[in-house]
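Chemist: Once you've had a glance at the structure underneath, I'll fire off some questions.
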Amino acid sequence: MRGITRRWLFNTFGVILVILFVLVIVFAVIIQNFYYSGIFQVLNGRSSELVNIFTESDSFVTSARYYTENFADKELMELMVINSDGKAVITSTGFAPDNDQPMPDYDAAIQSEEGYADWHGHLSSGENVMALTRVIYDKEDKPVGAIRYIVSLEEADRKIFIAISVVCLAGIMILFFIFVSSTYFLRSIVRPVKEISQTAKKIAQGDFNARINKFYDDEIGDLCDTINYMAGELGTADKMKNDFISSVSHELRTPLTAIKGWAETVQLDGLRDKKTVEKGIGIIIKEVERLSGIVEEVLDFSRIQQDRMVLIMDKIDILAELDESIYMQRERANKENKHIVYDEPDILPAVLGDKNRLRQVFINIIDNALKYSSSGGVVTINVEETDDDVIITIADNGCGIPAEHLPKIKQKFYKANQTVRGSGIGLAVADEIVKLHNGRLDIDSVENVGTTVTISIPTIKPELESQNDEDDADDDNEITS
């Protein structure tokens, strides 16, 4: 046995065994004291009646002989008469007294002020007995003899042994039932744990389809559900990662193919056709910019994953960045027969942000809106101000996002539509950038109706703006000084 079972047997079961052992010893002491105390009380009660039997008018020997002959409990105990010299002269057994037997109770009774003493021990024959001696005094308080009661403890010891044996047997039965029930209980834990361990190894080796059978509806069952859920999530993440690698590879291959093709064309026909050279160089530059954008997006995602993205925060005009983003996408929209509708507000409060990163967010969202809109589609952009935020809404009437994909759309590598180009990390990067600006990026979509993305960025409060202006003025004064 090893592991949990061994620890339980050496710890819990061992403690129970020690406790039962101590309880048996305590019970043995109590039951022995109970029996021995009862026997002592009987002997003491018998000896107390001697005051009424031995009177001053009768001689000690005469009274002792009469008391011995008429003693009613001869079957239960032995009565012994001891003279003033400490010698046994009469016994209730009818046999001659054995003066070679030890009588420590008599010696103690002679020395005792109470006039009696008890003793229990073994006779020379090995028999376990209890004895009590009471001294008889004359009218001058001189000892004239003693009466000794002797009771065999063999029967009491036998009853004590039976009682202790019953208790020990009960303890063994208790231990047996504890062992059986605990073994069953431990197996109900160890067996699922072993399967959990084996399944976890499979998952660690990349088998994300491995599942654990749920044995019980308890904490172990909850652990099984959690590990099964983890395996499912890891499998989904692994699939998304593979899809991401495939998508990025495709995204990189397309511009590289175009660059290579036009570079070969320029190399062959560059000296004969100037227009071909100009067209080819233009396409190469465009595809290089596209490659640069893909690489930069992957680098941004890597920085976010490692918490290394640094924002250059400043007071900016968010409308200017949104205008530039729309301008960069409008030519593409016209080529694809799609329309961008934007009603620019007159003025908006300043926000604290990184203009390049916010422009990256706007471009990404508008790019997605155009990407998932069919020919003739319309992308509507609205901007409004609330007490605390600037809210930018970008809505399209494209294919929309199925309801089951919507909760995961901002997760890394996740793509609801695998047929459309893209790496699957653009929204994750955009969402993280907005969060770094203490804002929110919310997505609402209905399949075959369209998608609406709402970006909320906090505005700079007037008191904070005044404080920043004062700080800037102080810095200018320090520089001038």
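When you line the sequence shown up against my numbering, it's residues 26 to 506, in that order. Just so you know, even glycine gets a beta-carbon here, dropped at the ideal spot from N, CA and C.
1. Can you give me the start and stop residues for the beta strand (DSSP E) that methionine 105 sits inside?
2. Tryptophan 287 to isoleucine 309, Cα distance in whole Å?
3. Can you tell me which of the three DSSP states alanine 195 falls into?
4. Check whether the Cβ atoms of valine 454 and glutamate 322 lie closer than 9 Å to each other.
5. DSSP three-state call for serine 177: helix, strand or coil?
6. On a CA-only basis, which of Tyr367, Leu383, Asp268, Leu316 is nearest glutamate 346? Give me that one, please.
7. Counting only the same chain and skipping the five closest in sequence on each side, list residues whose C-beta sits under 6 Å from that of histidine 462.
8. Under 6 Å Cβ to Cβ from valine 176, same chain only, skipping five residues before and after it: list those, please.
9. I'd like to know whether the C-beta atoms of glutamate 361 and glycine 425 end up nearer to each other than 9 Å.
10. So, using beta-carbon positions, are asparagine 108 and phenylalanine 79 closer together than 9 Å?
11. Would you kindly check if the distance between the Cβ of glutamine 354 and the Cβ of isoleucine 365 is under 9 Å?
12. For a test of the three-state rule: what should DSSP assign to arginine 183, helix, strand or coil?
13. Taking isoleucine 351 as the reference, give the member of Ala375, Val376, Leu104, Asn393 with the closest Cα.
14. Using 9 Å as the threshold, is the C-beta distance between valine 408 and leucine 466 below it?
15. Name, in chain order, the residues that DSSP records as bridge partners for tyrosine 367.
16. If you drop the 5 nearest sequence neighbours on each side, which residues of the same chain put their C-beta closer than 7 Å to that of cysteine 193?
17. Asparagine 381 to asparagine 422, Cα distance in whole Å?
18. Quick check: what's the CA-CA separation for alanine 262 versus isoleucine 270?
19. Does the separation of the CB atoms of glycine 401 and lysine 363 fall below 9 Å?
20. Just checking my contact of threonine 158 with aspartate 125 at CB under 8 Å: how many whole Å lie between their CB atoms?
21. To the nearest angstrom, how far is the alpha carbon of isoleucine 44 from that of alanine 225?
Modeler: Considering the structure as presented:
1. 103 to 108
2. 7 Å
3. helix
4. yes
5. strand
6. Leu383
7. Gly378, Ile482
8. Ile64, Met102, Met155
9. no
10. no
11. yes
12. helix
13. Asn393
14. no
15. Ile406
16. Val49
17. 28 Å
18. 12 Å
19. yes
20. That pair is no contact at about 17 Å.
21. 39 Å
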